[in-house]
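Student: Let me begin by handing over the structure; questions about it come next.
In this note's numbering, the protein residues as written are 60 to 438.
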């Protein structure tokens, strides 16, 4: 009995020491990213402190969703200057994301998968760069991960419902397009291995989350005469950028444009082609770039195939769902000719790609262990 306890204790110590390497990698990435990029001027997030100061209540954040604004506002309470508050907000969110990703994968898929997923996230240079740049895409991904974690616990009691609703709503109030993403995730959750319990739970999650989000578009309707003003302005931005080029002036010329008008600007056929091209370009242009390292990209591809082969269809469905709002702009040159869009738009799925890569690494490790034992048995 004592030997068993000793073995368990030593195994736990080994895992703790090994897992600490993931968080050492995270700290190192933050250190280098801060050293190199902390002097790079902020883009849109530079406006967050002014919006935070002007906001009279939570939903009063203009064309920027309130969650990231209020996270920045929280850090401003500690006396940090405006720019440092923006940077600190995303650095802390990225750290929470790394810690919870490791916990999530360890509980669901084991230690090897958790180590691999953790490293995919923590050593990623784009994660480090954008953590210093204050964007809200990391925050969006973090709350979507928490939402999916509680959704897939298959615990349909009140407490789990509250957590699932909370993180669904926070994700929507970080980036409003997550309303569509959450809806489609819940639809996939219900339709794969359908049950009435799952349907009832999912309907309650979406209804309560949407009610929590509703004051934001209502306030936009009051302030701008349009509940989707922020995204209608974004639609105009992307249309003008596509039409006039990435360096053109007045990218908001002609004012708000409906989302439908943007999606079907070239008709239904054009929308279908744009969708297909967007997914194709995401897979073969953006995914290799956001994952940065070739070995990580190969592990991700292998892990995604393993996910499908093992009939983890819900997990496999998450990636195409979560990048859906992005694929319609994937073919637009945002910064310069041939640049495409900023990689930050794919940050919300970096943790998910880490899970696929983790499953790939775990499969390789299982195969290697099996072969090693077979060779050892022959001797």
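Using N, Cα and C, we set each Cβ at its ideal position, and we do this for glycine too. Just so we're clear, the structure is a prediction, and the values are computed from it rather than from any experiment.
DSSP three-state label for residue 125, please.
Tutor: helix
Student: When the Cα of residue 399 is compared with those of 316, 304, 127, 315, which residue comes out closest?
Tutor: 304
Student: Does the contact criterion of 3 or more C-beta pairs under 8 Å hold for the region 153 to 166 versus the region 256 to 263?
Tutor: Taking a cut-off of 8 Å for Cβ pairs, the region 153 to 166 and the region 256 to 263 do not touch, as fewer than three such pairs fall below it.
Student: Using only the alpha-carbon positions, how far apart do residue 210 and residue 405 sit?
Tutor: 22 Å
Student: Does the count of Cβ pairs from the region 377 to 391 and the region 332 to 340 closer than 8 Å reach three?
Tutor: yes
Student: Cβ of residue 115 less than 9 Å from any chain D Cβ?
Tutor: Protein chain content of the structure displayed is limited to a single chain, and chain D is not contained in it.
Student: Would you be able to state if there are at least three C-beta pairs under 8 Å between the region 100 to 120 and the region 75 to 88?
Tutor: Counting C-beta pairs closer than 8 Å gives fewer than three between the region 75 to 88 and the region 100 to 120, which falls short of the contact rule.
Student: Answer with buried or exposed for residue 343, where buried requires no fewer than 16 other C-beta atoms within 10 angstroms of its C-beta.
Tutor: Result: exposed.
Student: For residue 199, count neighbouring Cβ atoms within 10 angstroms of its own Cβ and tell me buried if that reaches 16, exposed if not.
Tutor: Burial is judged here by how many other beta carbons sit within 10 angstroms of a residue's own beta carbon; residue 199 has at least 16 and is buried.
Student: Where does residue 149 fall in DSSP's three states?
Tutor: Of the three classes helix, strand and coil, the one that applies to residue 149 here is helix, per DSSP.
Student: Taking the alpha carbon of residue 172 as the point to measure from, which residue in 358, 390, 269, 194 has its own alpha carbon closest?
Tutor: Residue 172 has its Cα closest to that of 358, out of 358, 390, 269, 194.
Student: How should residue 60 be labelled, buried or exposed, when 16 other C-beta atoms within 10 angstroms of its C-beta is the threshold for buried?
Tutor: The pLDDT assigned to residue 60 is 47, lower than 50, so where the model puts this residue is not dependable, and the model offers no usable value.
Student: Taking all protein chains shown into account, decide if residue 115 is buried (16 or more other Cβ within 10 angstroms of its Cβ) or exposed.
Tutor: exposed
Student: Using the Cα positions of residue 113 and residue 274, report the straight-line distance between them to the nearest angstrom.
Tutor: 18 Å
Student: Straight-line CA distance for residue 195 to residue 437?
Tutor: Across the structure, residue 195 and residue 437 are spaced so that their CA atoms are roughly 55 Å apart.
Student: Measure from the alpha carbon of residue 385 to the alpha carbon of each residue in 346, 373, 369, 365, then state which is nearest.
Tutor: 346
Student: Take the Cβ of residue 240 as the centre, count every other Cβ of all protein chains shown within 10 Å, and call the residue buried at 16 or more, exposed below.
Tutor: buried
Student: Got a sec? Which residues, its chain only, sit under 6 Å from residue 152 by beta carbon, not counting five neighbours each side?
Tutor: 197, 198, 201
Student: Taking C-beta to C-beta, are residue 489 and residue 272 nearer than 9 Å?
Tutor: Residue 489 is absent from the model: the chain starts at 60 and stops at 438.
Student: Which two residues bound the contiguous alpha helix (DSSP H) that contains residue 423?
Tutor: 409 to 437 is the extent of the alpha helix (DSSP H) around residue 423.
Student: Could you tell me which whole alpha helix (DSSP H) segments of length 4 or greater appear in the region 72 to 140?
Tutor: Listed in chain order, they are 107 to 113, 125 to 135.
Student: Find the nearest neighbour of residue 167 within the set 371, 428, 424, judged by alpha-carbon distance.
Tutor: 371
Student: Given that a residue counts as buried once 16 or more other Cβ atoms are within 10 Å of its Cβ, and exposed if not, what is residue 270?
Tutor: exposed
Student: So, at 6 Å on beta carbons, what are the nonlocal neighbours of residue 375 in its own chain, with the 5 sequence-adjacent residues on each side left out?
Tutor: 366, 367
Student: Mind checking whether residue 253 and residue 192 have CB atoms under 9 Å apart?
Tutor: no
Student: Count the C-beta pairs between the region 316 to 327 and the region 137 to 150 that are closer than 8 Å, then say yes if the count reaches three, no if not.
Tutor: no
Student: Between the beta-carbon of residue 294 and the beta-carbon of residue 276, is there less than 9 Å?
Tutor: no
Student: Return yes when the C-beta of residue 84 is under 8 Å from any heavy atom of the ligand GDP, and no when it is not.
Tutor: In the structure on display, the ligand GDP does not appear, and there are no ligands present to speak of.
Student: Inspect the beta-carbon positions of residue 412 and residue 179 and report whether they are closer than 9 Å.
Tutor: yes
Student: Tell me whether residue 232 sits in a helix, a strand or coil according to DSSP, three-state version.
Tutor: Note: residue 232 maps to coil in three-state DSSP.
Student: Measure the beta-carbon distance from residue 414 to residue 176 and round it to whole angstroms, keeping in mind my assumption that it falls under 8 Å.
Tutor: Correct: roughly 5 Å between the Cβ atoms.
Student: Starting from residue 346, trace the alpha helix (DSSP H) both ways and give me its first and last residue.
Tutor: 346 to 350
Student: Is it buried or exposed for residue 132, if we count other Cβ within 10 angstroms and need 16 for buried?
Tutor: buried
Student: Hey, out of 186, 430, 129, 145, whose CA is closest to residue 105's CA?
Tutor: 145
Student: Report the residue ranges of all alpha helix (DSSP H) runs contained in full by the region 235 to 307; include only those spanning at least 4 residues, in chain order.
Tutor: Positions of the alpha helix (DSSP H) runs, each at least 4 residues long and wholly inside the region 235 to 307, are given as 237 to 250, 255 to 272, 274 to 283, 288 to 303 in order along the chain.
Student: For residue 118, which residues of its own chain have a beta-carbon under 7 Å away from its beta-carbon, when the five flanking residues on both sides are left out?
Tutor: 125, 274, 275, 278
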